[in-house]
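Heads up, the thing below is written out as structure tokens.
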Amino acid sequence: MLIFGLLCFIILGFMGMPTSFFYNFVAIPAAEVAKTGHGIIPPSGTIALMDIAVGIEVTGGLSLLLIYMFKGIHLFDNYEIGGESGHDR
Numbered sequence: 002m003l004i005f006g007l008l009c010f011i012i013l014g015f016m017g018m019p020t021s022f023f024y025n026f027v028a029i030p031a032a033e034v035a036k037t038g039h040g041i042i043p044p045s046g047t048i049a050l051m052d053i054a055v056g057i058e059v060t061g062g063l064s065l066l067l068i069y070m071f072k073g074i075h076l077f078d079n080y081e082i083g084g085e086s087g088h089d090r
């Protein structure tokens with residue numbers, strides 16, 4: 002999941018390369034938006050797609066973090082709590 006979000010982000014960045022990196026190639030020109038009456042907020046173009054890619058990447062990173070945290074709990078689950086280790090008297 003982490004790699005998928007990263008690849009989506011990079012691919013969307015390179016798709017605008019004829020003009021510049023991260024060029025908003027899906028955006029509708031302002032004159033077209035004014036004619037069609039989309040409202041006050043114009044369509045975002047690739048910004049929404051980039052947000053989705055970043056969300057997938059963050060979800061993948063947090064899930065990896067949780068997996069490693071639960072794996073650490075499982076590793077230390079077998080030890081006894083309360084007794085001293087290493088001191089024989």
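Numbering (this note's numbering), first residue to last: 2 to 90. From the three backbone atoms N, C-alpha and C, an ideal C-beta is built for every residue, glycine too. No experiment lies behind these values; they were computed from the predicted model shown.
Shown here, V27 sits in coil according to DSSP, grouped into three states, outside any helix or strand. In the structure shown, F71 falls within a helical segment according to DSSP collapsed to helix, strand and coil. Take M2, set aside five residues on each side of it, and the residues of its chain with a beta-carbon closer than 6 angstroms to its own are G61, in chain order.
Per DSSP, reduced to three states, the secondary structure at F22 is coil, with no helix or strand assignment. The alpha-carbon separation between S21 and I53 amounts to approximately 21 angstroms. Burial state of G73 is exposed, judged by a 10 Å Cβ sphere holding fewer than 16 other Cβ atoms. Of the residues T37, E58 and Y24, the one whose Cα lies closest to the Cα of G46 is Y24.
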